[in-house]
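One structure is given here, and the rest of the page talks about it.
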Amino acid sequence: MASNRHPSERPASMVYLSRARLHRPRANVIQTLKTVEGLERIGVPVELHLPPWKGQRSLEELLAHHGVTRPLDIRAHAGLRSLWKPIGFAPFFWKYEKTLRQSRAVFTRSADLSLVLIRRGISHSFEVHDMDALCRHGTLERLLEAHARGLLRHFFPISHAAARGLMDRGVTPACIHVCPCGADLSLFQDMAPWNPSGLTNPHVMYLGRISRDRGLDILEALAERAGCRVTVVGVLEDRPKTDRLQVVPFVPHRKVPRYLEQADIVVMPYQRHLAHAGSISPMKLFEAMAAGRPILVSDLEPIREIIHHGQNGLCVPPDDEKAWIEAVRFLREHPQEAHRMAIQAQKDASRFGWESRARRLQEVLWNNNSASEHDRKS
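Using the numbering used here, the letters of the sequence shown map in sequence onto residues 324 to 701.
Shown next as structure tokens:
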């Protein structure tokens, strides 16, 4: 077990079960940590259980690397490693099943862990990220059956598109609570304001892992034909066809604002065939908004929930290279419009801080607390 708060200092009101590996610079790791940090900031004690991490870095070093500034009660258990998945992560549940049954709220975004909780009759709530994957693997039907039996109490989809998918399958609307991802607004407070003069020779930036289904073709087209400098800050999963892309290896999450500060335009050219395009809620979108930069995004249903075309950004047909080039040209030729949209995006970002998201979780889980007495007495 590893924790930077002694377990006896304060009893947890909530147990969060995760399969995130802290040594990996992945969005799911950041999102999990920021969710827990947000809850802690509003006074909700959380135990975060996850698999051990690799390497020699301490928990404190890893949290700092990921931009977490508050101590978190993190319990690393080998029983949550993938090798135990075939037997339902049994070593972990042998040790913690009583704790889970007695907790005021149990929460997870892992479908694998949710299914084990269901098999063991432990009530909990589930954060929905990838509806397509849940449907493809037949998992959603099992989750819906558990919901009908009262074991899966609440669904927290990260987009309204995912919420509609749940309602279409018969989930009671009162048990669906949309909670988009967010941004750590405190990291952007001292950021230099956007300068419209940069649009003369714009620096276009994409942050995160990039692949063909995340829009690498679009970035290549912008670098070759849009008269701008294009930088990818993150990991290349596919090899570029041009040498005009500048690539910065993945950076610690706490340094993301410093890179966004250098951007004149931020782009997110996700493609329709991206596996989770139907329910996506990327953290980098909210971070770009908090940075007050002009944003070009793919015209996908869940992204339109956040970016309203012509108001706080521009929505562009995902696979239309000419349309992306034209969108960059529009911003260059209309700097005042670009500035207006950037300012509006920054204002809108104030609704998507992690603390605001945490209050929504607390409101639902606490005020609708219907954990069965059977669970608590078992």
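For each residue, glycine too, the CB sits at the ideal point set by N, CA and C. It should be emphasised that the depicted structure is a prediction, and the values quoted were computed from it without experimental measurement.
Status (buried if at least 16 other CB within 10 Å, exposed otherwise) for residue i
i      : result
THR392 : exposed
SER341 : buried
SER405 : exposed
ASP513 : exposed
LEU561 : Residue 561 is actually Asp in this sequence, not Leu. It counts as exposed.
TRP647 : buried
LYS607 : buried
TRP376 : buried
TRP517 : buried
SER381 : exposed
LYS564 : exposed
SER604 : buried
GLN669 : buried
ILE445 : buried
ALA703 : Residue numbering for the chain in the displayed model covers 324 to 701; residue 703 lies beyond these limits and cannot be assessed.
GLY531 : buried
SER693 : Residue placement at SER693 is poorly supported in this model, since its pLDDT is 44, which falls under 50; the coordinates are not used for a value here.
VAL687 : buried
SER520 : exposed
SER433 : buried
LYS357 : buried
TYR339 : buried
GLU450 : buried
ALA600 : buried
Residue span of the beta strand (DSSP E) that contains residue i, given as start and end
i      : result
MET514 : Run containing MET514: none; DSSP gives neither H nor E here.
GLU560 : Neither: GLU560 is in no beta strand (DSSP E) and is coded neither H nor E.
PRO480 : 475-480
PHE430 : 428-431
GLN379 : Where GLN379 is concerned, there is no enclosing beta strand (DSSP E), given that its DSSP letter is neither H nor E.
HIS399 : Strictly speaking, residue 399 in this sequence is Ala, with His absent from that position. Its beta strand (DSSP E) spans residues 396-399.
VAL570 : 568-571
VAL338 : 337-340
Boundaries of the alpha helix (DSSP H) in which residue i is found, first to last residue
i      : result
GLN585 : Careful: GLN585 lies outside any alpha helix (DSSP H) and carries neither H nor E.
PHE352 : The question names Phe, yet the displayed sequence has Val at residue 352. 350-364 is the span of the alpha helix (DSSP H), which, as asked, contains VAL352.
HIS526 : Per DSSP, HIS526 belongs to no alpha helix (DSSP H); it is in the beta strand (DSSP E), 526-530.
VAL574 : Taken as a continuous stretch (DSSP letters only), VAL574 belongs to no alpha helix (DSSP H), as it is neither H nor E.
LEU489 : 483-491
PRO414 : 413-425
ASP540 : 539-548
PRO658 : 658-672
ALA343 : Element bounds for ALA343: n/a, residue is neither H nor E.
VAL687 : 677-690
Assumed close pair residue i, residue j - CB separation to whole angstroms, cut-off 8 Å
i      : j      : result
ASP435 : ALA598 : In fact, because the Cβ distance is near 17 Å, the residues do not count as touching under 8 Å.
LEU345 : LEU385 : 5 Å
ARG703 : ILE410 : The displayed coordinates of the chain run from 324 to 701. Any statement about residue 703 would go beyond what the structure contains.
GLY505 : LEU467 : Contact flag wrong, Cβ pair sits at about 27 Å.
CYS502 : PHE479 : 5 Å
GLN594 : ASP642 : 6 Å
GLY361 : HIS576 : Rounded, the Cβ-Cβ distance is 15 Å, inconsistent with contact.
GLN544 : VAL651 : Sequence inspection shows Ala at residue 544; the Gln mentioned does not correspond to that position. With 8 Å as the limit, ALA544 and VAL651 do not qualify as a contact, their Cβ atoms being about 10 Å apart.
MET337 : PHE430 : 6 Å
ASP453 : SER602 : 6 Å
LEU654 : PRO617 : 5 Å
SER448 : HIS477 : 4 Å
LEU542 : PRO496 : In fact, because the Cβ distance is near 39 Å, the residues do not count as touching under 8 Å.
Below-9 Å beta-carbon distance, residue i vs any chain D residue
i      : result
LEU386 : The structure shown contains no chain D, having only a single protein chain.
message: Closer than 8 Å is the cut-off here; do at least three beta carbon pairs connect the segment 663-679 with the segment 498-512?
response: With a cut-off of 8 Å on Cβ pairs, the segment 663-679 is in contact with the segment 498-512, counting three or more such pairs.
- request: Specify whether the segment 462-478 and the segment 569-585 touch according to this definition: at least 3 beta carbon pairs, one from each stretch, less than 8 Å apart.
  value: Because the criterion of three Cβ pairs below 8 Å is not met, the segment 462-478 and the segment 569-585 do not touch.
query: For the segment 592-654, which segments carrying the alpha helix (DSSP H) assignment without a break, of at least 4 residues, lie completely within its bounds, in sequence order?
result: Every unbroken stretch of the alpha helix (DSSP H) spanning 4 or more residues and falling wholly within the segment 592-654 is given here in chain order: 606-613 and 624-627.
query: So, do the segment 573-586 and the segment 482-490 have three or more beta carbon pairs nearer to each other than 8 Å?
result: Look at the beta carbons and you see the segment 573-586 not touching the segment 482-490: under three pairs across the two are nearer than 8 Å.
- prompt: Between the segment 358-378 and the segment 523-540, are three or more C-beta pairs nearer than 8 Å?
  reply: Cβ pair count under 8 Å is below three, so no.
- request: Report yes or no: do three or more beta-carbon pairs, one from the segment 624-639 and one from the segment 606-614, lie closer than 8 Å?
  value: Three or more pairs of CB atoms, one per stretch, sit closer than 8 Å, so the segment 624-639 contacts the segment 606-614.
message: As an exercise, report each continuous beta strand (DSSP E) stretch of at least 3 residues that is fully enclosed by the segment 433-476, in chain order.
response: Taking only runs of at least 3 residues, the beta strand (DSSP E) segments lying wholly in the segment 433-476 are 447-451.
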